[in-house]
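Encoded as structure tokens, the structure appears first; notes follow it.
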DNA sequence: GATGACACTGAAAACGATTTCATACACGCT
DNA sequence: AGCGTGTATGAAATCGTTTTCAGTGTCATC
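Residue numbers (the working numbering), protein chains in the order written: chain A, 22 to 353; chain B, 22 to 353.
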């Protein structure tokens, strides 16, 4: 037997409306306020959030849709989003899409059924295009991946510049045959690829990029293949933390030395990158800022639904470690 | 203007009750079923989950309360829980307590307001005791941390045996002065400590344990301190993945060699442990099984509220790597 | 002393679904 | 023909809140 606001009202000798007002900050005399508070304590009343949401038509809930929360990048973003949301009195529904467009569509539909206030979304490439056409009952802020699809708020890394920076560093260290591994699921991979190509060409070098699934396994297989075939480049850049890990695993398994047998650079300054091999050179993304900013954009949008679209581009920081040490032998 | 079940009913030429039945699998003639489906499509109707939950009194939602989702151990458990829950048609509300008992209490209250079906909870030591006394409107399955508090379903690692196994391995490798670092927030730390002490005593060695905050930072500070003071042991075991990382960081920063300057063993077979230094010897917890089993216990409890309490104890696996290599010099 | 403004309160409607209850109809059986 | 059984349907009640609406009482103002 669950106790409702009516029970509290009876216990306090007031109407349910007054209880509601006392709890929700409405105009209530100090006397009745006290009576209600006492009655709430006495009865052990807990408001029913479903009823509240139904009647008030405020879900006080946002959706956070990402590829996979076990990817440390998204974990960090998610914590920042949750903390900001909590401070704003909002709950968060977390959804993992595994880069599957069907799951993305399903979760967006779920968000409609939950009548969420807004959504923060890291879409696959396939969905970015669909999003441009579709219209939802809630604002959406894209995160990490925006593409050129206008019309949506977004907060992303300056992927082009970051990849450029990484390649420039490798070139300055004396590397020439530099391969790039890029994820094939998101626009992020494309942008990083473009930055890589631009920097290579500026240095008079020939780009050699591979688009693969953005997973540890795919990158590991690719790298293993190189060493088996004897086609490994002098250096490789990996376009996210998972792929970076795959490359390192393959090298250790094959007994190869970093950076002597192959130099490595990548994205996402996850804590293990400091510990693996001689330390890995990476682009550090401001993950917490990314999450906070997304939340801020969402709140601003709720305040001003008709304000112009805003795309926030954050800069990365290049953290140099041993995995891109200077070439020592006779560089080809 | 949002469209409700009444609009669909009007469009289909039936009553709202029939629409509800058509959508929910009630007895409806094939003819009306088709009409309703067409009307749903035509109107773009999306059921309002708050209304549904209010009336049906089924939230179809469970709570998952853990210390910190950015701890890879909890990340892995959470994904397993979410996948199982999703298959069972349940949504998951994720809560991070940061090992703070106040947050734990607050989230448990939130779960009551959400009228969740059940809760999976990794409590701090402080809350384990409180839980034994308290009573909630939903079943709770404890995970990772149960203590001796009976009366609650739980799924945990055999912490005592695992710590014992780790120490036995170190002893077999020739180490004698073995220190243990244990987390002070959970019962898990205590159980692992007890296993450590038992194994040390069985080997005729003197235990030397430290209880500290279960964080990278605390373990790093402690280890740095040892090397500064020259009091580092021959080997250390760290009671979770975060503390293990702290130890490794401190050693690398101080320019110390693993295992020559100090051997390391720990808990949680996170992917980076294979990559750091010579590879780290760890206890692998069956994280996915842990999450799945917790979900299963919860469902069983919902089916049979009065069945006897069940505590499921899973065994760990010892993964031996280079960080506990055999002692080479003249062991003292 | 009438009047308007203001602050507080309760009765009742509303939110959007599911569920209960009553009814209508078809069917098989005696 | 009469009757029980079972299935499909709609009207209306219901879930637990918030919100609207209509007072009521107090107070300052003219």
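Quick reminder that beta carbons are idealized off the backbone N, C-alpha and C, glycines included.
{"query": "Counted within 10 angstroms of its Cβ, other Cβ atoms place residue 45(B) as buried (16 or more) or exposed", "result": "exposed"}
{"query": "Under 9 Å from the C-beta of residue 266(A): neighbouring residues of chain B", "result": "292, 293 and 296"}
{"query": "Under 9 Å from the C-beta of residue 270(B): neighbouring residues of chain A", "result": "292, 295 and 296"}
{"query": "Interfacial residues, the stretch 119-151 of chain B to chain A, with Cβ spacing under 9 Å", "result": "130, 131, 133, 134, 135 and 136"}
{"query": "CB contact below 9 Å: residue 35(B) versus chain A", "result": "no"}
{"query": "Where the alpha helix (DSSP H) containing residue 43(A) begins and where it ends", "result": "37-45"}
{"query": "Assigned exposure category for residue 77(B) - 16 Cβ within 10 Å defines buried", "result": "exposed"}
{"query": "Where residue 309(A) meets chain B, residues with beta-carbon distance less than 9 Å", "result": "Simply none; closest approach about 11 Å."}
{"query": "Any C-beta of chain B under 9 Å from that of residue 158(A)", "result": "yes"}
{"query": "Burial state of residue 280(B), where buried means 16 or more other Cβ atoms lie within 10 Å", "result": "buried"}
{"query": "Continuous alpha helix (DSSP H) stretch holding residue 180(A): start and end", "result": "180-193"}
{"query": "Length of the line joining the Cα atoms of residue 241(A) and residue 107(B)", "result": "30 Å"}
{"query": "Distance between residue 159(B) and residue 32(A) (C-alpha atoms, nearest Å)", "result": "25 Å"}
{"query": "Coarse secondary structure for residue 321(B), derived from DSSP in three states", "result": "helix"}
{"query": "Short CB-CB distance (under 9 Å) between residue 208(B) and chain A", "result": "no"}
{"query": "Beta-carbon neighbours of residue 68(A), restricted to chain B and to distances below 8 Å", "result": "134"}
{"query": "9 Å Cβ cut-off: residues of chain A touching residue 90(B)", "result": "90, 96, 99, 100, 103 and 115"}
{"query": "Cβ-Cβ distance between residue 213(B) and residue 180(B) below 9 Å", "result": "yes"}
{"query": "CA nearest to the CA of residue 297(A), picked from 309(B), 272(B) and 317(B)", "result": "272(B)"}
{"query": "Interface partners of residue 75(B) on chain A, CB under 8 Å", "result": "69, 71, 72 and 75"}
{"query": "Cβ pair count under 8 Å reaching 3, the stretch 137-152 of chain A against the stretch 283-300 of chain A", "result": "no"}
{"query": "Enclosing alpha helix (DSSP H) for residue 167(B) [first to last residue]", "result": "Careful: residue 167(B) lies outside any alpha helix (DSSP H) and carries neither H nor E."}
{"query": "Residues within the stretch 273-287 of chain A neighbouring chain B, beta-carbon criterion of under 9 Å", "result": "273"}
{"query": "With 16 other Cβ atoms within 10 Å as the buried cut-off, status of residue 50(A)", "result": "exposed"}
{"query": "Three-pair Cβ contact test at 8 Å for the stretch 96-115 of chain A versus the stretch 54-69 of chain A", "result": "no"}
{"query": "Sequence-distant residues of the same chain with beta carbon closer than 8 Å to residue 119(B), five excluded per side", "result": "88 and 89"}
{"query": "For residue 289(A), three-class secondary structure by DSSP", "result": "coil"}
{"query": "9 Å Cβ cutoff, residue 326(A) in contact with chain B", "result": "no"}
{"query": "Strand pairing of residue 305(B), partner residues [DSSP]", "result": "338(B)"}
{"query": "Residue 151(A) versus residue 168(A): straight-line alpha-carbon distance, rounded", "result": "12 Å"}
{"query": "Distance, residue 113(A) Cα to residue 83(B) Cα", "result": "14 Å"}
{"query": "First and last residue of the uninterrupted alpha helix (DSSP H) at residue 159(B)", "result": "First-last for residue 159(B): undefined, no H or E at that position."}
{"query": "Distance between residue 111(B) and residue 303(B) (C-alpha atoms, nearest Å)", "result": "34 Å"}
{"query": "Cβ-Cβ separation, residue 162(A) to residue 315(A) (assumed contact under 8 Å), whole Å", "result": "5 Å"}
{"query": "Where residue 238(A) falls, given that 16 or more other Cβ within 10 Å makes a residue buried", "result": "exposed"}
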